[in-house]
Amino acid sequence: MANRLGNFITATGGLFLSGKFDQMMQNVEPFSAVASAFNNYCDILTKDDETNRALLVASKLRKALGSDLYYLIQLIPNLSQLVHEHPTDTPRKQNDCVDAQQRLQYLFCQFVEVISSCLEGNVTLFLDDLQWADLASLSLIGQLLKTSLFRQDSKHIFFLGTCRDDEINGDHSFWKMIDGVRAFGFKTTLVKLDCMDKDTVFQVVSKVLHLSPRLVGSLSDIVFHKTKGNPLFVSKMLLSLNREGLLSLSLVRHRWEWDVEKIQSRKLPDDVALFFVHRINNLSVDVKIALAALSCFGTSADGEVIQAIESDLNLNLIEPLNIAVTEGLLNKVDGRYCFCHDRIHEATYSMIEAAAQLNLGGPSAVQDAEHYSQIANCNLIAGKRAMDMSDFSLAFSFFDHAITFLRKKHWQELYDLSLELFNLAAKCALAIKDLTSLTLICDGVLMNARSSEDALHISFIIMSALTYSMISESVDYGFQVLSEQLGVVIPHSYSQEDTLKLITQTQSILDAIDEATLLHYQEVTDVKKLMAMKFLAKLESSLVQIKPDLVPFVTLKIVELTIEHGLSSVSAIGFAYFGGMIAELGDIRGGYRYTRLAKALVDKNPTTEIAGEVIIQTAEILAYMEPLQAVNEYRIPGQATAMASGDVHTACMNKMLSTVPLLWSGAVLSEVRYALIDAGRFSEEHDHRTSLYYIKIFCQTISRLVGEECQAMSDDQLTRHVIENKNPRQLVIVYFHELFLSLVLNTQDDIKLSAEKFLEFKTPSWHLLASNAAHDFIGGLASFRIYRETRDPLWAQRGEQFKQRINTWEDQGSLWNFENKSFLLDAEKSYSNGNMELARVSYENAISSARQHKFIHEEALAYELAAKFYLNMGNKSTAFEYFTNAYGKYLEWGAFAKGKALFTYIQETFRFESTSSAPNAAGASNDFQILTPLRGDLRHCSFN
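Here the sequence shown stands for residues 0 to 943, numbered as in numbering that gives the first Met the number 0.
So this is what it looks like as structure tokens:
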């Protein structure tokens, strides 16, 4: 059935890939079935001389994956022929991956996307024997399906899988994968193929023997009784009866004949597996030995491999295997021997003595003491290979087996082997979240390590593990290791004055070193200093959440160690954070220098483990130096860069941060909405609650602007979320959006309350963030408005502070981003202070600058505020003109709720009699209702 479907798909321009899971490979080669399917495709594509598709696919793969093709070639060897690269051509990167399994999933998804873009139809992946699928493969299948669902070109992947329902119970990981893709809206269909009933067996036997059902009744009864209608068993039993002479063709009667009594007297097993064992047992010893040898390779093996074994072991294998082919137990295709069915392979392998499987037998199966360490080493090699394949669960199993083969005094007699096994086992235990095993392994190393240096890798893993649930304890532990084992002491209490002094001193040292020298600085060689930098870099993100006052000292220490001992893989993070500090202190250009340096270091040494985080940090400063619209484009590769290293957290943050600033860059709200939905799906897919929280806030804001119903989170929900995430800074975003909406939607009663809450939680930061620009701009507008209404000088002072920061960024940074904001704040300040002529000029400049720099939402806001100014001055004609222009710009932006409210305000203020038509405005429709169907909804992005 699957092959017939494949023929149809291929004929209609699609691609049909097929693979088969192997019981033998389940715990040896993760991804084997999936990789085999793609490997066969690469082979076919490479040999295709009639089209240019191979060149097109190869070109797109190089562009999309670059040097990361190395990791796919490890799984898909024929890919090297397609892209004309060999694994040895690309030096292997060490310690460059946060999560190798996530990386491979991402690379496979990119591979499928490239293939799909070169096809007229869709990709179909067929995998047989899912009951033997490994966890890594099932996770990959789920990821491929989810990713294809979100493709914008409507080219989805169709997955067809087959399995034995009696070997895939409700607890099987396959069902978890299916539940996962169903949750994302993927349609699934379950088709159950039962055994044939008695009538069907009668019809099959009748057609096979070309006799009427009436004539085959006696034989069909026996076949159905023995096989229970199992299609495989039926066909093999008929063949077996024929070979044994119990079912033969009569040349005299020109029809098939059989002897019912002889068949009934023949004791045939009632189980298909036992049937094949029975068949195999009747073969010669040579054939059975050859079949047993072949079964150790899985369901198939190349004839050249069998010949090599035959030669090395002086064992007759090829001839007996050819006999098995004639017996119908094997197929021989292109020199490769394959079991005709996995049931035959199982029956053969079950005859091999279990004691040969050492891991299953355990240490007690080893009779020679010298073999213990050899078996441990074998498991070490297998575990490393499983890690390369990103199957940390399987890798941990190998390392755990290896540890069980170590004898009592292994720490004394096999120290290096023991240390390597325990370190790798700990890394895998962390990856699979087996914290109980992790604790035992770490205790073993800490108790037996011969030096503090030997315990550093385990200490780093312990700190990483604590960040999942006990972030405060993780920070404390990190500081303890730094001070006690690495000699790095971080002050826990410093005055702001002393902190500024340290920053200034570090900046003076760096100013004396030109950028080219820093870029080609010596590499760190001191292992302890290298580990110290890794600990410090790991602390950065945690401290930002719970102890932001300590972030400067950690950043300065990374920079200090780099200057004194050389560059490390995490030095770029130190320079990126340092640039943010310098910029926050008012030196935007100085901070920009160090963020450029951080980016250049990553470009020079593409250590993808930290590249995604560097993009996040550098983009924060770029938002002050380059047009905001261009900075959003710079952020986009951050997601792919982080995913290529398996760093899901950083990938989700990059995806979110490349989306939410669109609201402040003047993008049409419908475009922002769709980008948010896409980012929300990505975060949901990876269960990343932090980014989902921010996305939800922005979705609520757009819903309010567009005019859709949405339920905002209550204060209790916000507080609970913040406590759970230990990130009170998230409240700043919530109250800022409330302030923004109250200002834009003119809900006067809410402006002062929202501003007070926003300022309450807006604590000083040592790092300049891109969001500060929007915060200070809106905060300044709100402050001047509140001052006009209350005449409270405190609000005038606050407005002036916000305006001064905007002016600083305008002077040192991008005129494109800040000129219109500065003009509008000047206008509001002058209006509040009674300087009407200066206010008028500033309003006009703000409108012109916003239009010139493509900030349509701020052009609309400037028109509206200027209109209110002119209305207050008694200039109704200009006020009317500017209100209508504001109305048109709000609709052009997509803020239909705001446009409708402003339309009502214009009607009431200028006493229109009509209630159906809006004032004419450039680019605006006369009928508001014509525009309302353009509104989308955010219900596709379901946030919990």
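Beta carbons: idealized from backbone N, C-alpha and C, even for Gly.
Please read all numbers here as calculations on a predicted model, not as lab measurements.
Measuring only the C-alpha atoms, how far is Phe942 from Asp686? Here residue 942 refers to the residue found at position 943 of the sequence shown. Here residue 686 refers to the residue found at position 687 of the sequence shown. With a pLDDT of 35 at Phe942, under the threshold of 50, the modelled position of that residue is not reliable, and no figure is offered here.
The alpha helix (DSSP H) enclosing Ser847, as first and last residue numbers: By one-based count along the sequence shown, residue 847 stands at place 848. Following the DSSP letters along the chain, one finds Ser847 inside the alpha helix (DSSP H) bounded by residues Met835 to Gln851.
Stretch-stretch touch, CB-based, cutoff 8 Å, three pairs: the region 288-297 with the region 244-258: With a cut-off of 8 Å on Cβ pairs, the region 288-297 is not in contact with the region 244-258, counting fewer than three such pairs.
Which one of Leu74, Lys197, Asn241 and Asn51 has the shortest CA to CA distance from Leu118? Reading the sequence shown from its first residue, position 119 is the one you call residue 118. It is Asn51 whose Cα lies nearest to the Cα of Leu118.
Could you pull the start and end residues of the beta strand (DSSP E) that Asn330 belongs to? In the sequence shown, counting from the first residue as 1, residue 330 sits at position 331. Following the DSSP letters along the chain, one finds Asn330 inside the beta strand (DSSP E) bounded by residues Leu329 to Val332.
Please list, in chain order, all residues of the same chain as Val523 whose beta carbon is under 6 Å from its beta carbon, the five residues on each side excluded. The residue given as residue 523 occupies position 524 in the sequence shown. The residues are Leu529, His564, Gly565 and Ser567.
Straight-line Cα distance separating Thr561 from His155: For the purposes of this step, residue 155 is identified with residue 156 of the sequence shown, where counting begins at 1. For the purposes of this step, residue 561 is identified with residue 562 of the sequence shown, where counting begins at 1. Their Cα atoms are separated by approximately 47 Å.
What residues in its chain sit with their C-beta under 7 Å from that of Ser813, if we drop five residues either side in the sequence? Along the sequence shown, one-based indexing puts residue 813 at 814. Excluding sequence neighbours, Ser813 sits near Tyr623, Met624, Glu625 and Pro626.
Please work out which residues of its chain come closer than 8 Å, Cβ to Cβ, to Gln796, disregarding the five sequence neighbours upstream and downstream, and give them in chain order. Along the sequence shown, one-based indexing puts residue 796 at 797. Cβ neighbours of Gln796 beyond the five flanking positions: none.
Cβ neighbour criterion (16 or more within 10 Å) applied to Pro551: In the sequence shown, counting from the first residue as 1, residue 551 sits at position 552. Pro551 should be labelled buried.
In the DSSP assignment, the alpha helix (DSSP H) including Lys807 goes from what residue to what residue? For the purposes of this step, residue 807 is taken as residue 808 along the sequence shown, with counting starting at 1. Note that residue 807 corresponds to Thr in the displayed sequence, not to Lys. Membership of Thr807 in the alpha helix (DSSP H) is indicated by the continuous run Pro792 to Gln811.
Can you tell me which of Cys377, Leu864, Leu60 and Cys194 puts its alpha carbon nearest to the alpha carbon of Val111? Here residue 111 refers to the residue found at position 112 of the sequence shown. Nearest option by C-alpha distance: Leu60.
Assuming Ala866 is part of the alpha helix (DSSP H), what are its boundary residues? Here residue 866 corresponds to residue number 867 of the sequence shown, with the count starting at 1. DSSP places Ala866 inside the alpha helix (DSSP H), whose first and last residues are Ile855 to Asn871.
Would Arg703 be called buried (16 or more neighbouring beta carbons within 10 Å of its own) or exposed? Looking up residue 703 in the sequence shown gives position 704. Per the 10 Å Cβ criterion, buried.
6 Å Cβ shell around Leu768 - same chain, five flanking residues per side excluded: Along the sequence shown, read from residue 1 onward, the residue named residue 768 stands at position 769. So the list reads Glu619, once near-sequence residues are dropped.
For Gly590 versus Gly578, is the C-beta spacing smaller than 8 Å? Walking along the sequence shown from the start, residue 590 turns up at place 591. Walking along the sequence shown from the start, residue 578 turns up at place 579. In this structure, Gly578 lies closer than 8 Å to Gly590 by Cβ.
Assuming Val207 and Leu237 are in contact, meaning their beta carbons sit under 8 Å apart, how far apart are those beta carbons, in whole angstroms? To locate residue 207, count along the sequence shown from 1; it is residue 208. To locate residue 237, count along the sequence shown from 1; it is residue 238. Contact between Val207 and Leu237 holds: CB atoms are separated by about 6 Å, below the 8 Å threshold.
Reduced DSSP category for Thr1017 - H, G, I as helix; E, B as strand; rest coil: With the chain covering 0 to 943 only, the question about residue 1017 has no answer from this structure.
Ile805 and Gly779 look like a contact to me (Cβ under 8 Å); what is the Cβ gap, rounded to whole Å? Here residue 805 refers to the residue found at position 806 when the sequence shown is read from its first residue. Here residue 779 refers to the residue found at position 780 when the sequence shown is read from its first residue. That belief holds up - the Cβ atoms of Ile805 and Gly779 are roughly 7 Å apart, short of 8 Å.
Thr123 bridges to which residues according to DSSP? On the sequence shown, position 124 is the one that residue 123 refers to. DSSP, once it has assigned bridges, lists Phe15 and Phe157 as partnering Thr123.
Segment contact, 8 Å Cβ cut-off, at least three pairs: the region 494-512 with the region 423-431: Because the criterion of three Cβ pairs below 8 Å is not met, the region 494-512 and the region 423-431 do not touch.
Mind checking whether Val56 and Leu81 have CB atoms under 8 Å apart? Looking up residue 56 in the sequence shown gives position 57. Looking up residue 81 in the sequence shown gives position 82. A distance below 8 Å separates the beta carbons of Val56 and Leu81.
State the Cα-Cα distance for the pair Ser664 and His852, rounded to the nearest angstrom. What you label residue 664 is simply residue 665 of the sequence shown in a count that begins at 1. What you label residue 852 is simply residue 853 of the sequence shown in a count that begins at 1. Taking the straight line from one Cα to the other gives about 10 Å.
Compare the beta carbon distance of Leu738 and Ile696 with 8 Å and say whether it is the shorter of the two. Mapped onto the sequence shown, residue 738 falls at position 739. Mapped onto the sequence shown, residue 696 falls at position 697. Leu738 is not a Cβ neighbour of Ile696, given a cutoff of 8 Å.
Please classify Cys295: is it buried, with 16 or more other beta-carbons within 10 angstroms of its beta-carbon, or exposed? Taking the sequence shown and counting its residues from 1, one reaches residue 295 at position 296. Around the Cβ of Cys295, a 10 Å sphere holds fewer than 16 other Cβ atoms; the residue is exposed.
For Glu522, name the three-state secondary structure that DSSP assigns. To locate residue 522, count along the sequence shown from 1; it is residue 523. Here Glu522 sits in strand by DSSP.
Distance, Cα to Cα, Thr554 vs Asp475? The residue labelled residue 554 in the question sits at position 555 within the sequence shown. The residue labelled residue 475 in the question sits at position 476 within the sequence shown. Taking C-alpha positions only, Thr554 is separated from Asp475 by approximately 17 Å.
From the DSSP output, read off the bridge partner residues of Tyr336. Looking up residue 336 in the sequence shown gives position 337. Ala300 and Lys331.
Quick one, are the C-beta atoms of Leu320 and Leu314 less than 8 Å apart? Position 321 of the sequence shown, counted from the start, is the residue given in the question as residue 320. Position 315 of the sequence shown, counted from the start, is the residue given in the question as residue 314. No.
From the DSSP secondary-structure annotation, give me the bridge partner or partners of Arg254. In the sequence shown, residue 254 corresponds to position 255, counting from 1. Ser249, per the DSSP bridge assignment.
Can you give the beta carbon distance from Ile944 to Ala866, rounded, assuming they're within the 8 Å contact cut? Any answer about residue 944 is impossible in this case: the structure gives the chain only from 0 up to 943.
Could you tell me the alpha carbon to alpha carbon distance between Asp586 and Ala531, rounded to whole angstroms? The residue you call residue 586 lines up with position 587 of the sequence shown. The residue you call residue 531 lines up with position 532 of the sequence shown. Rounded to whole angstroms, Asp586 to Ala531 spans 29 Å at the Cα level.
C-alpha distance - Asp497 paired with Ala536, whole-angstrom precision: Here residue 497 is taken as the residue at index 498 of the sequence shown, counted from 1. Here residue 536 is taken as the residue at index 537 of the sequence shown, counted from 1. One C-alpha to the other measures close to 22 Å.
With 16 as the cutoff for other CB atoms within 10 Å, does His519 come out buried or exposed? Here the question's residue 519 lines up with position 520 in the sequence shown. When all chains shown are included, His519 counts as exposed.
Bridge partner(s) assigned by DSSP for Leu566: Position 567 of the sequence shown, counted from the first residue, corresponds to residue 566. Leu566 is bridged by DSSP to Glu522.
Contact under 8 Å by Cβ, Thr188 with Gly120: Start at 1 with the first residue of the sequence shown, and residue 188 comes out as number 189. Start at 1 with the first residue of the sequence shown, and residue 120 comes out as number 121. Cβ atoms of Thr188 and Gly120: not closer than 8 Å.
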